[in-house]
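Residue numbers (mature numbering (1 follows the signal peptide of the UniProt record, and there is no 0)): -25 to -1, 1 to 521. C-beta: ideal position from N, C-alpha, C; glycine also.
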Amino acid sequence: MNKIKSALLSIAVLSMAFLTNSAMADQQSDAIVTKTPFDEVSKSFEVMSQKTKNCKDITQIDVAVWSEENGQDDLKWYNTTDVINGQAKVKVNLADYGNRAGSYITHVYTTYSDGRVSGTALESLKISPKAPQVSVKNGALQLSTDINAPSNGTIKYAVWSEENDQNDLRWYDDSGKGITRVDLNNHKGYGRYFVHTYLAQDGKLTAINGQDIIIDKQEISYQIVQTSDKTYDVLINDVPEYITSITVPVWSTVNNQDDLKWYKATKVGDNSYKATIQLSNHGFDTGTYGVHIYGDNSITNSFEALSGTPGFHVDQISGLENPEVGISNVNTENGLFKVNVMEKAVSKRVSKLKVQVTSKSNPQKTKTYEAGTSSYGKISQSIDLKSINNQADTFSVVATVIYSDNLTATFNLSDQNYKPSATPSPRITTYINETNTYPVGQCTWAVKSLAPWIPNWLGNAGGWAVNARAKGFRVGTTPRVGSIVVWPHDGNGYGHVAYVTDVSSNTRIQVKESNYAGKQYIANFRGWFNPLDSFWGGDVSYIYPD
């Protein structure tokens, strides 16, 4: 850059010899050098050197152009050897100078066929800043200009709304990138907005232009279009630019918005959005659907309702499948099983399950179970056949599925059996005919009454497991019907025993006993309970008859 400057300065020193004003060129038989006016559309101008009648042929031109604001820091050379009809020309683009306004200096050096060079200084070209185009775009005032500030200046915009007389006036610097955004939420509501443009340069603020724009509150329009029997499109049009996003809440009216889903609409064109509604998100409910339209408003800085709609109505949906309905966890010996319902990708949403279980030997013995909650599309109901008939039996099972839109479907499932295991025969019979000598009403007395195979005088209940093993009885930790359960740490240090009448698992049994909660007679006081619960003393053992 310094070498270029030096060269130019040298040329300037020689200007008295050959750097001429274009008006004198013809007298010296030099080419005529001119430039075109600045074209604001292409943001360019052309520099031409035209051979005159008496001058030598032109072989080349070299053109130096720079803005005068900061010396020659942006100097650029343009040259050409293309000469057509005695004319050589180059095109100077303002983009080469950052599209900046300012005063541009142009020096032209024309080389002739005899090697001589003539120089011409053209009149400075002044390019002024322009007023921006003002529009509303993507929730902001958009100030667009294709001419930036001079290199030693800044374009500034004063913006305010007519409401309340400039109390929301704010200043914005031009971005220098062609578009400057003014957030509308920095200002006041709808109506007329003023935009005044200034050039800040050399400590002065010079007005360029004053403009205004009116932003009215606009109404949107919409259409709801069925695209298949499982999908609907909500088309939102005429969306004003101050609305930056659209959200569409949709719900089936069957169960009071329990399936409410918010759909984020996609922008599909200028001022147009689309939200696609999948009925699978609403359990494929039939009936009426509610649809509202909301948007983010950059003027009010709020999420607001833009419109209600009549919604749409679904009469029927083709291609739906039944959910999977089946039986699991079958325990025939204890009369236990589960009925399960699992939704499929194209099945309706299940809200409830009813299961009717009926004795086939006595249809009057029947029971209906109901499960009313669903987790991840699955409902399960546990069934205990003993609660219907505590004798061996076969039962019919009918499941009724209630969908979220209150439609139902019935499924006849496979028959289930209850086959309780027989009470085992005692292996040791020595003590069966003994008279029960335990104190009446105590837990030991009750067990001897229910299990005569257990001997008298095994001591306090807490020591029964140890003493029974010493007499040859099998002792373990797995509950069985007909066994004796021993809690060595229950009963205020004396232990406690009971007779096992039913078993579901190691942590779920039923017993008959006495002296439970002070009740000194034999009964089932607890129903189903966990024998390992710390409340009962924790550790347990079982004495088996076989």
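Return the Cβ separation of residue i and residue j in integer angstroms, given the expectation that the two are a contact with Cβ distance under 8 Å.
i                 : j              : result
valine 475        : serine 458     : 5 Å
aspartate 390     : serine 362     : Not a contact, Cβ separation roughly 17 Å.
serine 42         : glycine 77     : 4 Å
glutamate 216     : asparagine 113 : 6 Å
proline 395       : alanine 367    : 6 Å
aspartate 204     : serine 334     : Wrong, their Cβ atoms sit about 44 Å apart, outside the cutoff.
alanine 421       : isoleucine 497 : 5 Å
valine 83         : serine 24      : 6 Å
tryptophan 428    : proline 401    : 4 Å
phenylalanine 287 : isoleucine 358 : With a Cβ gap of about 41 Å, phenylalanine 287 and isoleucine 358 do not count as contacting.
leucine 388       : valine 314     : 7 Å
In the DSSP assignment, what are the bridge partners of residue i?
i              : result
lysine 236     : Val225
tryptophan 135 : Phe169
tryptophan 146 : Ala133
threonine 86   : Gln35 and Val92
glutamate 474  : Residue identity differs from the one stated: residue 474 is tyrosine in this sequence, not glutamate. Per DSSP, Ile459 and Lys487.
glycine 301    : Asn315
glycine 182    : Correcting the residue type first, residue 182 is alanine in the shown sequence and not glycine. Answer is Tyr173.
isoleucine 358 : Phe312
lysine 66      : Glu21
serine 119     : Gln108 and Ile154
glutamine 47   : DSSP output for glutamine 47 lists no bridge partner at all.
threonine 201  : For the sequence presented, residue 201 should be read as glutamine rather than threonine. Tyr207, per the DSSP bridge assignment.
serine 371     : Thr333
lysine 101     : Ser78
glutamate 279  : Gly270
isoleucine 7   : Gln25
Distance, Cα to Cα, residue i vs residue j?
i                 : j              : result
leucine -18       : serine 119     : Because the pLDDT of leucine -18 is 45, which lies under 50, any placement of that residue in the model is unreliable, and the number read from its coordinates should be weighed accordingly. Taking the straight line joining both Cα atoms gives about 37 Å.
alanine 436       : threonine 410  : 18 Å
alanine 445       : tryptophan 462 : 18 Å
lysine 131        : valine 67      : 27 Å
threonine 129     : glutamate 137  : 26 Å
threonine 34      : glycine 61     : 9 Å
tryptophan 146    : threonine 206  : 49 Å
glutamine 108     : histidine 171  : 12 Å
proline 454       : glutamine 253  : 53 Å
valine 515        : glutamate 488  : 15 Å
tyrosine 269      : leucine 281    : 5 Å
threonine 27      : aspartate 49   : 32 Å
lysine 31         : tyrosine 87    : 6 Å
proline 520       : glycine 502    : 23 Å
glycine 493       : proline 298    : 51 Å
tryptophan 237    : valine 266     : 10 Å
proline 285       : threonine 261  : 16 Å
asparagine 29     : valine 8       : 15 Å
lysine 353        : glycine 258    : 13 Å
alanine 250       : aspartate 271  : 15 Å
proline 506       : valine 300     : 34 Å
tryptophan 511    : leucine 235    : 48 Å
valine 478        : glycine 468    : 26 Å
tyrosine 72       : valine 40      : 10 Å
glycine 151       : glutamine 141  : 26 Å
threonine 176     : isoleucine 188 : What sits at residue 176 in the sequence shown is glutamine, not threonine. When rounded, the distance between both Cα atoms is 27 Å.
phenylalanine 504 : glutamate 279  : 56 Å
threonine 95      : asparagine 54  : 14 Å
aspartate 57      : valine 38      : 14 Å
Report yes if the CB atom of residue i is closer than 8 Å to the CB atom of residue j, and no otherwise.
i              : j              : result
threonine 85   : serine 93      : yes
valine 223     : valine 214     : no
serine 247     : arginine 324   : no
asparagine 125 : glutamate 15   : The amino acid at residue 125 is misidentified as asparagine; the sequence shows proline. Taking 8 Å as the Cβ cut-off, proline 125 and glutamate 15 do not qualify as a contacting pair.
glycine 310    : tyrosine 413   : no
tyrosine 264   : tryptophan 226 : yes
valine 450     : tyrosine 406   : no
valine 486     : valine 460     : yes
glycine 434    : glutamine 495  : no
serine 322     : glutamate 296  : yes
serine 273     : threonine 343  : no
aspartate 121  : lysine 10      : no
valine 316     : valine 376     : yes
proline 104    : isoleucine 195 : no
leucine 116    : valine 157     : yes
valine 330     : glutamine 356  : yes
cysteine 418   : asparagine 490 : yes
residue 534    : asparagine 160 : Nothing about residue 534 can be reported from this structure: the residues present for the chain run from -25 to 521 only.
asparagine 127 : aspartate 149  : no
alanine 106    : glutamine 186  : yes
Does any heavy atom of the ligand MG sit closer than 7 Å to the C-beta of residue i?
i             : result
threonine 206 : With respect to small molecules bound, the structure shown includes none, and the ligand MG cannot be examined in it.
Exercise for the section: Give, in chain order, every unbroken run of the beta strand (DSSP E) that is at least 3 residues long and sits entirely within the stretch 388 to 463. Expected result: At a cut-off of 3 residues, the continuous stretches assigned as beta strand (DSSP E) that sit fully inside the stretch 388 to 463 are 449 to 451 and 459 to 462.
Problem - Every unbroken beta strand (DSSP E) inside the stretch 318 to 356 [3 residues or more] - result: Within the stretch 318 to 356, the complete beta strand (DSSP E) runs of at least 3 residues are 325 to 334 and 341 to 346.
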